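Trainee:
Protein chains in written order, with my numbering: chain A, 1 to 597; chain B, 1 to 597.
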């Protein structure tokens, strides 16, 4: 029985139209085009694409994988056609600048699509996902000529893009990059070197591939300050925009991986390939960082998507599979056994998945809105506050969502029991596919260090206030509201604990920087739990209001309350242990000599 | 670079010779043969087999998998030869009854071998592992004629065995079994039906396969009280013990799985196959339970083994991989970057793995000793107390070890970063292989329910005392010992919390049986943490004593203390959150209507 996917339209609409308040932004360019009706229509069409085109080739894509032959890559059966459908539907330019052919819709809407695409077919989503990163790098840092040349076809999806960072000896530590860029008389560069783990580096779905490549110009300073960013097209681009001569870059091999097997992970060889500098010399890493932040948010959303589809399939299985009787006696005496949905431990697993998925969706889309505000709000103060929220939440969403996406996929698989371990059930693919999200775009350990070492102290703590202030305001607002006490009290307690931990940690970090590293992962998890507690409490407040209004869909809002309750009582309490772990400090973490391992 | 495996001989010897006190048992039959020298020699030889024969075919076995052709199964290259080496080395009868050709060594020693075999090659370990279960069923419940006929060749490894329980519609719920056993005039039965997920159900490594099959005799009571156990040999056995006519059982297909791909997971078709009743009619499930308890313990050990090898490889990678500089400045200024071993978050991951592996090993072998005492101690009171410990720890070891084995494999993979996701690194295989241990032999949810619903209330709480009493005695003994305070205090606190939780839970369960289910998984984890805290504190006490004796190997004992410290400060604190979760009760777990999912 293959897996199925149902676009979570009701919940997406709840988050967009009820949880987020978009009304104040209706005059902003992206939002003026995005009336509630239009957003709904887009989500519905996008949902259909994911359900009917992308998900049906998810398992077959995993089974077949990509194949490499003489430097060319063939994607699995159906992927070319699906990509064609995707391009023809205009999905590749959904949120792109209208100046280059995009639809200019809010990022918020783009994130909804990203979640659904990743849920339906994680591997497929890699191809347009990487294009988007390349698009943003050129859009933000390229010359007008470069924008005119590359953006329209990346927007339309006729071409795709890549990000070439990693080399065999360096992943996280990009300062070690060796790929060489030799300046030519015509202003171009000759790029030579080897890049590995390049997603969508080569494939058969588009007529050209635009590589963005980090390389070092001879004589550049050592380390990260001597790295420049280049555009290296697979085919040189003629003046009329058509693909011309083949450039000196090719795919040397593709990796055999644990998962996302339908996504080509390429080793790229650059042999005096022609490249064009993007932005200034030696400022390449800064350009890449813009893309990396978007990619990190996107990676969190990917994991949320996989969590969502895994959860859906586990629910379906739990309704169908009959094993044992409910602890308080048969619920379906006419059947040979009760469906496993009756068992509390199965419920615990499903509720954990659900509370993560729905909470994460709200947190992600709220952050998506801040991303839009950061980019387009006319008020500088609003832009800055929104940017601070995004900066703070990016490592949290990347790391917490991907850890929990893996946990959710594993819990879903556990609900399936033995069937879950069999490939034809499809649920183990979710576990394998989502696992990469904890690693790429900066391992979750790197995210944790980014949060503790960079984001916490940023702007003298002002960045942090983008989170502290609204949470404090929300708690104050609902203080004494008896309906909300069951949500606000645990949130408030965990929030106090977080603030005390931050205070303690600041002190510790001053004494010894290793304390930041030793605390980092547990601290990120603690922060994430409080952030999730905040969005769950806010969702509960809305559900309460709707139930009081008696505005219909009582079941939907009661489910929100029940899930919020589960989060508060069964997930948020982990913060108690995390705070203890953090306060144990670096001593026990570093207590064993390196040689003693 | 392929994975490597080094048998953890020093730590195994520490546990056996220092942590366990075997001296009082030297007069018992199994132990009289097992002097410390002999145990060491066995571990060293066994370690070599695992390092040199089994581990080198682990990755290739995963890559090639088993293949099915016309009802026959071919194991991957090298597996037949490795099995031959295993059999010739006498490993299959290591702990078996000498009356049937075994070496009669303590189970304790068998568990050490199980850990190493599973670490070296989890798939390979399935073949002898299943034989052992079949052996035990016949030994414990078969007639003398059956024992004489089947045990010697199972002991020698010339034949292997299987356990045939699961059917397509029933796994956990064996009461639903439909396989039919029709009595024949000659006292045998005709067995017809389909069994699935039969490990080692068919293969090319042994000349005969002895299937143990659960089936229903016509007219038997419904449910679990109408199930009988049968021996169904692949080849009928001639009077001279040679394999005769082919019996009516065959392998219809093998499963494609997430992992343990070199272990054949078979669908077995029984078409009027000749079977022989083991024990009494309709008492089959009881016979199976004996085997299942051993299998559950064995499954925990499997996961410990995989955790151990994953940890070893992560350590090696962390020493070699150069990325970034230590937070407090370069540690290896002559190298382009520091090894990632310097980073606190990498240490956190490695220490978590280490504290699990070494703690679990001590807990497992202590339980192995109790298993030996339960079976062979002349004093009934000792046997009973030992049996109670084993009964209590079986679900804990099965579920906690397998959850943590998965976590350890995943942490090890995370240390590898992007390399970990690539198949040729081999570490992702550990993640896929170990994942099944959380599922088979009773999912971890079933274990948790066994602990809460069956073991806790068993014998009016007397079973529980087998754990409570020694822990209490240990804490009392070390009260006021300043060296030990850092270990005894957190243990004591968590132990008090566990006891209060048990008290609370007993009350709740009386009111509503669903409370047992809702608490079960968190409760099992809490119990496991306290049990691990106990063995860690005991290991720390030994390390302190050795350091005071100044008896050499200072580094080894200081590492023990450092690891114990990590466990106490960085893992045991999870108990705080678990207690809160448990006390939230079943309400939030069951709060969402089944239809609302």
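Backbone N, C-alpha and C fix where the C-beta goes; we use that ideal spot for every residue, glycine too.
Keep in mind that this is a model prediction, so the values were computed, not measured.
Only counting runs of 3 or more residues, tell me where the beta strand (DSSP E) segments fall wholly within the stretch 21-97 of chain A, in order along the chain.
Mentor: Counting whole runs of 3 or more residues, the stretch 21-97 of chain A contains the beta strand (DSSP E) stretches 67-69, 72-74.
Trainee: Of the residues that make up the stretch 285-311 of chain A, which ones have a beta carbon closer than 8 Å to any beta carbon in chain B?
Mentor: Answer in chain order: no residues at all.
Trainee: Using the beta-carbon count (16 or more within 10 Å), is residue 200/A buried or exposed?
Mentor: Under this definition residue 200/A is a buried residue.
Trainee: Tell me the residue span of the beta strand (DSSP E) that contains residue 214/B.
Mentor: Residues 208-215.
Trainee: For the candidate residues 265/B, 52/B, 95/B, whose alpha-carbon lies nearest to that of residue 33/B?
Mentor: When only C-alpha atoms are compared, the closest one is 95/B.
Trainee: Looking at chain A, which residues of the stretch 481-512 of chain B have a Cβ within less than 8 Å of any of its Cβ atoms?
Mentor: For the stretch 481-512 of chain B, which is checked against every Cβ of chain A, the residues closer than 8 Å are 512.
Trainee: Can you give me the start and stop residues for the alpha helix (DSSP H) that residue 11/B sits inside?
Mentor: It spans 9-13 - the alpha helix (DSSP H) in which residue 11/B sits, taken as one unbroken run.
Trainee: Which residue wins for smallest C-alpha separation from residue 103/B, given the options 377/B, 540/B, 152/B?
Mentor: Nearest of 377/B, 540/B, 152/B to residue 103/B, Cα basis: 152/B.
Trainee: Residues of the stretch 390-416 of chain B with a CB closer than 7 Å to any CB of chain A: list them in chain order, please.
Mentor: Result list: 414.
Trainee: Round the Cβ separation of residue 501/A and residue 388/A to the nearest angstrom and send it over; I've been treating them as touching at under 8 Å.
Mentor: The pair is not a contact, with the Cβ atoms about 20 Å apart (cut-off 8 Å).
Trainee: Got a sec? Which residues, its chain only, sit under 6 Å from residue 508/B by beta carbon, not counting five neighbours each side?
Mentor: 515, listed in sequence order.
Trainee: Have a look at the DSSP bridge pairing and note the partners of residue 270/B.
Mentor: Bridge partners of residue 270/B: 193/B, 249/B.
Trainee: What residue range is occupied by the uninterrupted alpha helix (DSSP H) comprising residue 390/A?
Mentor: Segment 380-415, the alpha helix (DSSP H) holding residue 390/A.
Trainee: Taking any Cβ of chain B, which residues in the stretch 355-375 of chain A have a Cβ under 7 Å from it, in chain order?
Mentor: Cβ contacts with chain B come from no residue of the stretch 355-375 of chain A.
Trainee: Please report the Cβ distance between residue 452/A and residue 566/B, rounded to the nearest whole angstrom; I am assuming they are in contact, meaning their Cβ atoms lie under 8 Å.
Mentor: The pair is not a contact, with the Cβ atoms about 20 Å apart (cut-off 8 Å).
Trainee: Is DSSP giving residue 128/B helix, strand or coil here?
Mentor: In this structure, residue 128/B counts as helix in the three-state DSSP scheme.
Trainee: Is residue 546/A close to chain B, meaning its C-beta is less than 8 Å from at least one C-beta of that chain?
Mentor: So no, residue 546/A is outside the interface.
Trainee: Any idea if residue 476/A is buried or exposed, counting beta-carbon neighbours within 10 angstroms, 16 or more meaning buried?
Mentor: Label assigned to residue 476/A: exposed.
Trainee: So, with DSSP's three-state summary, where would you put residue 182/B?
Mentor: Residue 182/B falls in the strand class under three-state DSSP.
Trainee: At what residues does the alpha helix (DSSP H) containing residue 143/A begin and finish?
Mentor: First-last for residue 143/A: undefined, no H or E at that position.
Trainee: Are the C-beta of residue 343/A and some C-beta of chain B separated by less than 8 Å?
Mentor: Chain B contact via Cβ: present.
Trainee: In chain order, which alpha helix (DSSP H) runs of at least 4 residues are fully inside the stretch 258-326 of chain B?
Mentor: For the stretch 258-326 of chain B, whole alpha helix (DSSP H) runs of length 4 or above, ordered along the chain, are 284-320.
Trainee: How about the stretch 34-54 of chain A and the stretch 8-15 of chain A: do they share at least three Cβ pairs that are nearer than 8 Å?
Mentor: In short, these stretches touch, since the Cβ pair count reaches three.
Trainee: Of the choices 86/B, 118/B, 575/B, 92/B, whose alpha-carbon is the least far from that of residue 306/B?
Mentor: Of 86/B, 118/B, 575/B, 92/B, the residue nearest in Cα terms is 118/B.
Trainee: Where residue 62/A and residue 424/A are concerned, what is the direct C-alpha to C-alpha distance, given to the nearest angstrom?
Mentor: Roughly 11 Å between the two C-alpha positions.
Trainee: Do you know how far the Cα of residue 5/B is from the Cα of residue 505/A?
Mentor: So the alpha carbons of these two residues sit roughly 39 Å apart.
Trainee: Under a three-way DSSP split, which group does residue 659/A fall into?
Mentor: Within the shown structure, residues of chain A are numbered from 1 to 597, placing residue 659/A beyond reach of any answer.
Trainee: On the criterion of 16 or more Cβ atoms from any shown chain inside 10 Å, does residue 317/B qualify as buried, or is it exposed?
Mentor: Flag for residue 317/B reads buried.
Trainee: Under 8 Å, do residue 272/B and residue 248/B count as touching if we go by C-beta distance?
Mentor: Yes, the pair counts as a contact, with Cβ atoms nearer than the cut-off.
Trainee: Identify the residues that DSSP records as bridge partners of residue 228/A: which are they?
Mentor: In DSSP, residue 228/A forms a bridge with 215/A.
Trainee: Taking Cβ positions, are residue 212/B and residue 231/B nearer each other than 8 Å?
Mentor: Yes. Within cutoff.
Trainee: Is any beta-carbon of chain B found at less than 8 Å from that of residue 566/A?
Mentor: By this cut-off, residue 566/A is an interface position.
Trainee: Take the Cβ of residue 454/A as the centre, count every other Cβ of all protein chains shown within 10 Å, and call the residue buried at 16 or more, exposed below.
Mentor: Label assigned to residue 454/A: exposed.
Trainee: Assess contact between the stretch 69-83 of chain B and the stretch 189-197 of chain B, defined as three or more Cβ pairs (one per stretch) separated by less than 8 Å. Is contact present?
Mentor: Short answer: they don't touch.
Trainee: So residue 56/B and residue 66/B are in contact, right, with Cβ under 8 Å, and what is the actual spacing, rounded?
Mentor: Between residue 66/B and residue 56/B the Cβ distance is about 18 Å, and since that is not below 8 Å, they are no contact.
Trainee: Could you name the residues that DSSP lists as bridge partners for residue 198/B?
Mentor: According to DSSP, which records beta bridges pairwise, residue 198/B is partnered with 266/B.
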